[in-house]
Each structure stands twice: as C-alpha cells, then as structure tokens.
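Student: The sequence shown lines up with residues 1248 to 1587 when you count with the numbering used here.
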Amino acid sequence: MLTARPTDTASADPAPALKVALMSCAHTHAAGYAALLEARGDVDLVVADPDGYGDVRGARVLPSFEEAWRVWPEGPDAIVVTSANAHHRDLVLEAARRGVHVLCEKPLATTVPDAEEMVAACREAGVVLMTAFPVHFAPEVEALRTAVADGSLGEVIGLTGTNNGKLPAARDWFTDVELAGGGAMVDHTVHLAEILDSALGAPASVHAVTNRILYADRAGEGAETGGLVTLAYDSGVVATIDCSWSQPADAPTWGGLRLQALGTGGQLQIDAFAQHVGGHGQWLPYGTDTDALLLDAFLGAVREGTAVEPTGEVGLRTVRVVAAAQESVRTGQPVPLAGL
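1) For the structure I just gave you, are there three or more beta carbon pairs, one from the segment 1426 to 1443 and one from the segment 1546 to 1566, closer than 8 Å?
2) Answer with buried or exposed for Gln1573, where buried requires no fewer than 16 other C-beta atoms within 10 angstroms of its C-beta.
3) Please report the straight-line C-alpha distance between Arg1307 and Asp1536, rounded to a whole angstrom.
4) Give the straight-line distance between the Cα atoms of Leu1590 and Glu1471, rounded to the nearest whole angstrom.
5) DSSP on Gly1408, reduced to helix/strand/coil?
6) Which value, in whole angstroms, describes the spacing of the CA atoms of Val1294 and Val1576?
7) Here's the rule I'm using: 16 or more other beta-carbon atoms within 10 Å means buried, otherwise exposed. How should Met1248 be labelled?
8) What's the C-alpha gap between Pro1450 and Ile1517?
9) Excluding the 5 residues preceding and the 5 following Ala1486 in the sequence, name in chain order all residues of the same chain whose CB lies nearer than 6 Å to its CB.
10) From this set, Glu1285, Ala1519, His1334 and His1523, which residue's C-alpha is nearest Val1424's C-alpha?
11) Which residues in the same chain as Phe1384 place their Cβ atom closer than 8 Å to its Cβ, once the five residues preceding and following it in sequence are excluded?
12) Which residues does DSSP pair with Met1377 in a beta bridge?
13) Using a 10 Å radius around the Cβ and a threshold of 16 neighbouring Cβ atoms, would you call Val1531 buried or exposed?
14) Taking C-alpha atoms, which residue in Gly1483, Trp1420, Gly1412 and Tyr1300 lies nearest to Leu1447?
15) Relative to the C-alpha of Pro1581, which residue among Val1476, Ile1326 and Glu1352 is closest?
16) For a quick check, are the C-beta atoms of Met1365 and Arg1336 less than 8 Å apart?
17) Measuring only the C-alpha atoms, how far is Ala1257 from Ala1372?
18) Exposed or buried, what is Ser1330 when buried is set at 16 or more other beta-carbons lying within 10 Å of its beta-carbon?
19) Quick check on the DSSP output: the beta strand (DSSP E) that includes Val1424 runs from which residue to which?
20) If I'm right that Gly1192 touches Pro1499 with Cβ under 8 Å, what's the distance once you round it to whole angstroms?
21) DSSP on Ala1486, reduced to helix/strand/coil?
22) The alpha helix (DSSP H) that contains Asp1397, what's its start and end?
23) Using the three-state DSSP reduction, which class does Asp1291 fall into: helix, strand or coil?
24) Would you give the residue range spanned by the beta strand (DSSP E) that Ile1326 belongs to?
25) From which residue to which residue does the alpha helix (DSSP H) around Asp1195 run?
26) Report the rounded CA-to-CA distance for Ala1264 versus Glu1321, giving the unit in angstroms.
27) Under a CB-based cut-off of 8 Å, is Asp1302 close to chain C?
28) To which residues of the same chain is Thr1457 closer than 7 Å at the C-beta, ignoring the five residues directly before and after it?
29) Out of curiosity, what's the CA-to-CA distance linking Ala1281 and Thr1358?
30) Check whether the Cβ atoms of Val1347 and Ala1325 lie closer than 8 Å to each other.
31) Where DSSP assigns a beta bridge to Ala1548, which residues make up the other side?
32) For a quick check, are the C-beta atoms of Gly1408 and Asp1481 less than 8 Å apart?
33) Apart from the five residues on each side of it in sequence, which residues of its chain come closer than 8 Å, Cβ to Cβ, to Pro1386?
34) Cα separation between Ala1571 and Ala1585?
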C-alpha cells in the first residue's frame, strides 16, 4: 500500500512550499484556482493544459499530464483535477497510485462505480481526496446548517433550491453526455445536493424530470437543458433542486445559487452570490471568496494528511443522487438511494 509523503511540521522553520499540479484547464474553474494558487507563497504550481485552452496566465503551463507528473523528481504533493468529468477517474486513480493528495472538481465522477473506485483507491493509498464544492464554505450556507442543527427553524418541513446558469460556452464538453455524464441536471444538481447532504444527510429517494425546451440547438445530443430534482427524506422533509441552463446568453454572470428552508418556527433564505454591485450587463462580486476558502481547506488537509469536508465520500453521495435522478427520468418513478 502506498502512503502519502509526510510533510515535516516539527521544525520551527516555515513549512516548505507544497508542490501542486493543476491537471487540465477544461473546467471553467481552472483559471481561478490557478490564479489563487500561483499567488500563494506556500505553493509551487504547475499547470497541465493538454487540450490547449490557454486561459491560465502566470503559472508554468505544460502541454501534457505526463510532464506535470515529472516536474519534481519526487512528484507533486497534491493535484487539483479540473478536467472534463469523464476524465476525473483516471487522474484520481493515478494520484492514488503515486501517493499524491487530490482535490477533484465536482461531480466527482460520471458513474457511481467510478466514484466508488476513486474513493476506495485514495482510502487504500492513505491520501486525501476532497471534492471541489466551494459554496460549502459560504457563510450563508454555514448559517443554514447551523439553523437546521440548532432547531432555530423548528421542525424543517421543506427546502427549495435553485442553481440556474448559462449553457456553457467555449467548453463544448459540458454538453457532451459522454464527457460530462449528462446535461444541466449533472452540472447543476451536485452543488445543492452537497449543501443538503451537509445539513440533512442522504435522502431516501429521488424523483426527477428533465426537458430540452431551452437551447436544444446548442446542447449536445441527449443533454437535458432543464430539470427539477425532488429529494425525499425519511423524516418527511422534501427538497427540490431547479437545475437548468436557463440564464440568457447576455446575462452579466453565469448564474446563481439560492436555497430556501421552511420550518415550523420560521424560514431562512440564502443567496450564495448576493454580494455584488452592477448595472446593465455588469456584475462585480465582493465579499467571501469561497474558492480561496476551499483551497485553504485542501492545502491544510494536505499538510495534515487528513481530509476535511467536503470529502470524496461527500462527492460519492452526490453522484448517487445524480444517478438516481437519471434513473428516475428514465423510468418516470421515484428511485430509492439504497443500493446505488
């Protein structure tokens, strides 16, 4: 069994810079993560861009994954996987084989068996596996978790979430069902599924419907562009997720994430991207940088050798929710999560 290389924290000297390879620029988050990592004094960063997207600036950019693995004689300490969804599995399994810690973009994988294999491989290798859910760190989301946990909402009856966005442009793989694993339901269910998981645990069953009413001419064959996912819990709580590519192409930002919780003692509404100023065609965000908080948590976990939320297991549970939703669309019936 391989184990991750330990980091010396006993010395009074500053800890050595962590060697981090960002694997692929396929995901739209890659450039933002690269900029944040490059600006840190405790990270030595390289970026692999085998598809030649060319939108990462400042970092050492290499044309292949193989070169990124070989930059340092002993290899990287950690990788950040920002490839097309279908390529997550191979990169994560290779990291586990090499004893390298991993932060992997969501969804963790395009199938439940792949996600299970990734989680098991990292556990066996003793390496950190975390799933990139930046909104997990938003103060508004923490306020929701706290309100549910401490009972300030009374008995929670239901939650309704919206994660709408633009149909992705300049990244055609997002609408390719083989590379993405599906369409808008895959792209925009997992963020809210993770928030609900952190507050309520796993649902008992999932029921979903989808359509191709919007932007069908721009989406890949078979990729849904609109959907509604309903999660039912053993407690009787029901939650819904509106997961559509419904933002107009000229909208000033990609989309947003909102969640309303209703209880017998009150209600709470959160808007993870409310902090902005703007006018016609402009969107200038301010406030908490959840991408930076995600990377802080991951790098801290690498130094400690222990994963923190949101872990690979969390990513696996959200993949199960998506898989159940896809099966529900196929059958027209609610699908129990048990056995997925």
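Using N, Cα and C, we set each Cβ at its ideal position, and we do this for glycine too.
Fair warning: this is a prediction, and the values are worked out from it, not measured in the lab.
Tutor: In short, the structure shows the following:
1) yes
2) Gln1573 sits buried, since 16 or more C-beta atoms from the chains shown fall within 10 Å of its C-beta.
3) 24 Å
4) As displayed, the chain neither begins before 1248 nor continues past 1587, which places residue 1590 out of reach and without an answer.
5) Here Gly1408 sits in strand by DSSP.
6) When rounded, the distance between both Cα atoms is 38 Å.
7) With a pLDDT of 41 at Met1248, under the threshold of 50, the predicted position of this residue should be treated as unreliable, though the coordinate-derived value follows. Exposed, by the Cβ-count rule.
8) Taking the straight line joining both Cα atoms gives about 21 Å.
9) Residues Leu1406, Leu1443 and Leu1478 of the same chain have their beta carbon placed closer than 6 Å to that of Ala1486, with the five preceding and five following residues left out of the count.
10) Relative to Val1424, the option among Glu1285, Ala1519, His1334 and His1523 whose CA is nearest is His1334.
11) Thr1535, Thr1537, Leu1540, Leu1541 and Ala1544
12) Leu1350 and Thr1558
13) Before going further, note that residue 1531 is Leu rather than Val in the sequence given. Exposed.
14) Gly1483
15) Val1476
16) yes
17) The predicted model places Ala1257 with a pLDDT of 48, which falls under 50 and marks its position as unreliable; any figure quoted below should be read in that light. Using only the alpha carbons, I get a separation of about 24 Å.
18) buried
19) That residue, Val1424, is in no beta strand (DSSP E); its alpha helix (DSSP H) goes Val1424 to Ala1427.
20) The chain is shown from 1248 up to 1587; residue 1192 falls before or after that span and cannot be answered.
21) strand
22) For Asp1397, the enclosing alpha helix (DSSP H) begins and ends at Pro1386 to Asp1397.
23) In the structure shown, Asp1291 sits in a strand (DSSP, three-state: E or B).
24) Ala1325 to Val1328
25) Not covered by the structure: residue 1195. The range shown for the chain is 1248 to 1587.
26) 14 Å
27) Included in the structure is just one protein chain, with no chain C present.
28) Taken in chain order, the residues that qualify are Met1432, Glu1471, Gly1473, Gly1474 and Val1576.
29) 27 Å
30) yes
31) Paired residue(s): none; Ala1548 is not in a bridge.
32) no
33) Thr1535
34) 10 Å
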